[in-house]
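> Sharing a structure here in structure tokens format.
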Amino acid sequence: MLKGDDVFKKIIAHAKEYGFIFQSSEIYDGLSAVYDYGQNGSALKNNIKDYWWKSMVQFHENIVGIDAAIFMHPTVWKASGHVDAFNDPLIDNKDSKKRYRADVLIEDYVAKLEEKINKEVEKARKRFGDSFDEKMFRETNPRVVANREKAEAIMKRFVAAMDAENLADVKALIEELEIACSMSGSKNWTDVRQFNLMFNTSMGSLSEGASQVYLRPETAQGIFVNYLNVQKTGRMKIPFGIAQIGKAFRNEIVARQFIFRMREFEQMEMQFFVKPGEEIKWYEYWKEERMKWHLSMGLPQEMFRFHDHDKLAHYANAAADIQFEFPFGFKELEGIHSRTDFDLGAHQKYSGKKLQYFDPETNESYVPYVVETSIGLDRMFLAILSQAFNEETLEDGSQRVVLNLPPMLAPYKVAVLPLMKKDGLAEKGREVMDMLKYDFMCAYEEKDAIGRRYRRQDAIGTPYCITIDHQTLEDNTVTIRERDTMEQERIHINDIKGVVAQRTSIVKNIH
RNA sequence: GCGGAAGUAGCUCAUCCGGUAGAGCGACAGCCUUCCAAGCUGUAGGUGGCGGGUUCGAGUCCCGUCUUCCGCUCCA
């Protein structure tokens, strides 16, 4: 992979120019942090999905796949903690650039008032000695009463403003109270904004009476709520896993870096259900397995590293990222988390349904522990694309831009190129095309010089080019050109299918 | 969100101090050519991101807005 500041820009430009990634709604000036996959991008993305799915589901007897809906019962997100944890009013100090939760600022202010009251009380206690009647003092001392009434008024107004979703009044309150940023001392605040991680929409055709539902911010909950369904109908025995690929939505405040952080994105997740006490063993197992998976695609080892989390989320007792060295640095690509029994436990509590597993060996029931592997499909796409993108200077001094994609992931596996249109070469090319197209994604091109067509295929990462020349008409042989080396060999038409299948197969990548 | 930069043809860019936009590549059609882009001919493609303002006249100056990139901030 190339490095440097310009490379990322080049990759983005290449992704657009060759039909991999377009900005969403581009003709309307685009929609921020939303992207569309074009003709080649969707093919590459599907191939990544396919490889992941096969690696997780097809190659593991004890892992099955599901496809849960994006809409889920609103209580799911209460149980998961998403509703409470990510619904905060935020405000920024313009001078220090420091971001605060508006509710915390106000509550801190109120806490200070209470401190004042308590100091007042303590002072009085010393002054009056044993005869001090605290209750009486609190109810009658003018300063205490004033502060308490002020605190109560503030909280009342704050709660009312929040209930009415009147964020302007929350800001007004902060300004009236002259709350200053603790870092800069500045009172120069931005507007208060509600940070809603989750997108919401209404279910039901009439807006009144319709219930609010969320677009899921992660796919995992679709697996958890189906845990019992799958376990029972699939007669699954612990340990077992449920995999899923699907869209998720997060209303990121700052979404950037191309498809690295998008508002609509796709996750490939597998939740592995294990016996309590064995979760760390499986956590270590999946960390290694997932790293092997990345390396199986031929991506260089030095571009990956583990990053263990020191600070754990509320649901986890161990967590690590697999980071990839993107053109803009090492960033999270995949997460492996030991989620304990937090999710199933929470759903058991909220739903009132028993989400347990009866272990015939020990003759006891328990809520399984969960080890999660969760990879961002779009990030994987970007990792592969940025790793594959290369600008080469050839021996003759000419340049070529090539995507050295793993052959099994390439949008087109093979391009069929008659050397010339005339002399029946085009017709022969069509025959070859018809022979191959049911087994492989094939491109066919007969326009322009052969060299130019090779370069076009290089630019979209087609690993093999079949060229039909005059000799083909005589002995039914063609040349097959390898993308990375540009070397050619002559093979019989009847062997093309086998050769391409062998060289682009997944099996080649499995150890 | 804050600060900086940018936005002109599909792509990369030009257009002097304001005078109604051009090139290369690419695309398309044809010619030539028996193996690694840039031979020949022709054609299409732009209300200069969008909206206002100043001006006789704005791609050019001013304001707003959208989008992208970079830095900071944030990120279950």
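Residues in the first sequence are numbered consecutively from 309, following this note's numbering.
Yeah, the Cβ is synthetic: ideal placement off N, Cα and C, and Gly gets one too.
1. Count the other CB atoms, across all protein chains shown, that sit within 10 Å of the CB of F573; report buried if there are 16 or more and exposed otherwise.
2. Give me the Cβ distance between M364 and Q529, rounded to the nearest whole Å; I'm assuming they're in contact under 8 Å.
3. Could you have a look at T448 and say whether DSSP puts it in helix, strand or coil?
4. For F634, which residues does DSSP report across the bridge?
5. Determine, using beta-carbon pairs with one atom in the region 382 to 394 and one in the region 720 to 736, whether at least three such pairs fall under 8 Å.
6. Taking Cβ positions, are G643 and E680 nearer each other than 9 Å?
7. Flag this pair as yes or no: are the beta carbons of A691 and L603 separated by less than 9 Å?
8. Where does N355 sit, in a helix, a strand or coil, going by DSSP?
9. Which class does M380 belong to by DSSP, given the choice of helix, strand or coil?
10. Quick one: Cα of L781 to Cα of M741, how far?
11. Using the three-state DSSP reduction, which class does K805 fall into: helix, strand or coil?
12. Which same chain residues, not among the five before or five after I356, have their C-beta less than 8 Å away from its C-beta?
13. Grab me the residues of A351's own chain with a C-beta within less than 6 Å of its C-beta, minus the 5 sequence neighbours each way, in chain order.
14. Return the bridge partner residues of D756 from the DSSP annotation.
15. Provide the residue span of the alpha helix (DSSP H) that contains M511, from first to last.
16. Who are the Cβ neighbours of A459 in its own chain at under 6 Å, not counting the five residues just before and after it?
17. Just the Cα atoms here: how many angstroms apart are L663 and M470?
18. Quick one: give me the first and last residue of the alpha helix (DSSP H) that G737 is part of.
19. In the DSSP assignment, find the unbroken beta strand (DSSP E) run with I588 in it and report its ends.
20. Looking at D803 and T787, is the spacing between their C-beta atoms short of 9 Å?
21. Among residues of its own chain, excluding the 5 on either side of V808, which ones have a beta-carbon nearer than 7 Å to its beta-carbon?
22. With the cut-off set at 9 Å, would you say L620 and I683 are in Cβ contact?
23. Does the distance from the C-beta atom of A556 to that of K479 stay below 9 Å?
24. What residue does the beta strand (DSSP E) around M578 start on, and which one ends it?
25. What's the gap between the Cα of E285 and the Cα of T812?
26. Which same chain residues end up closer than 6 Å to S439 when comparing Cβ atoms and leaving out the 5 residues on each side of it in sequence?
27. Scan the region 682 to 734 and note each continuous beta strand (DSSP E) run of 3 residues or more that stays entirely inside, going in chain order.
28. Buried or exposed, going by whether 16 or more other CB atoms sit within 10 Å of the CB of H645?
29. Within 10 angstroms of its Cβ, does I319 collect 16 or more other Cβ (buried), or is it exposed?
30. Please report the residue range of the beta strand (DSSP E) in which V412 lies.
31. Please report the distance separating the alpha-carbon of S340 from that of Q565.
32. Could you round the C-beta distance between D616 and A628 to whole angstroms and report it? I think they count as a contact, below 8 Å.
33. What's the C-alpha gap between L505 and R558?
34. Exposed or buried, T670, counting other C-beta atoms within 10 Å across all chains shown (16 or more means buried)?
35. Measuring alpha carbon to alpha carbon, tell me which of F580, E430, N508 ends up nearest V391.
36. Among Q366, V452, A488, K583, which has the Cα closest to the Cα of D649?
Let's see:
1. Buried, because 16 or more other Cβ atoms sit within 10 Å of the Cβ of F573.
2. The pair is not a contact, with the Cβ atoms about 19 Å apart (cut-off 8 Å).
3. In this structure, T448 counts as helix in the three-state DSSP scheme.
4. Looking at the DSSP assignment, F634 forms a beta bridge with G637.
5. With a cut-off of 8 Å on Cβ pairs, the region 382 to 394 is not in contact with the region 720 to 736, counting fewer than three such pairs.
6. Against a cut-off of 9 Å, the Cβ pair of E680 and G643 comes out as a contact.
7. Their beta carbons are not under 9 Å apart, which means A691 does not touch L603 by this criterion.
8. When DSSP states are grouped into helix, strand and coil, N355 belongs to the helix group.
9. Reduced to three states, the DSSP call for M380 is coil.
10. Approximately 15 Å between the Cα atoms of the pair.
11. In the three-state DSSP reduction, K805 falls in the helix class (H, G or I).
12. Closer than 8 Å at Cβ, skipping near neighbours: L685, M688, F689, I692, L717.
13. Excluding five sequence positions before and after A351, the CB atoms of its chain that fall closer than 6 Å to its own CB belong to P719, given in chain order.
14. According to DSSP, which records beta bridges pairwise, D756 is partnered with nothing at all.
15. From DSSP, M511 is part of no alpha helix (DSSP H) but of the beta strand (DSSP E) over 508 to 511.
16. Taken in chain order, the residues that qualify are V418, L421.
17. Answer to the nearest angstrom: the Cα atoms are 36 Å apart.
18. That run of the alpha helix (DSSP H) goes 733 to 744.
19. Per DSSP, I588 belongs to no beta strand (DSSP E); it is in the alpha helix (DSSP H), 587 to 604.
20. When the beta-carbon positions are compared, T787 and D803 stay at least 9 Å from each other.
21. Closer than 7 Å at Cβ, skipping near neighbours: K721, V722, F748, Y772.
22. No, the pair does not count as a contact, with Cβ atoms beyond the cut-off.
23. Using a Cβ distance threshold of 9 Å, A556 and K479 do not count as a contacting pair.
24. It spans 572 to 582 - the beta strand (DSSP E) in which M578 sits, taken as one unbroken run.
25. Past the boundaries of the shown model lies residue 285; the chain is included only from 309 to 819, so the question cannot be answered.
26. Closer than 6 Å at the Cβ level, and outside the excluded window around S439, lies no residue.
27. As far as the region 682 to 734 is concerned, its whole beta strand (DSSP E) runs of at least 3 residues are 697 to 701, 707 to 711, 722 to 726.
28. Here H645 is buried. Its C-beta has 16 or more other C-beta atoms within 10 Å.
29. Buried.
30. If you look at V412, you'll find it isn't in any beta strand (DSSP E); it sits in the alpha helix (DSSP H) that goes 410 to 436.
31. In a straight line, the C-alpha of S340 is about 11 Å away from that of Q565.
32. Contact between D616 and A628 holds: their C-beta atoms lie close to 5 Å from each other, under 8 Å.
33. Roughly 6 Å between the two C-alpha positions.
34. So T670 ends up on the exposed side.
35. Its Cα nearest to that of V391, the residue N508 stands out among F580, E430, N508.
36. Nearest Cα to D649 within the set Q366, V452, A488, K583: K583.
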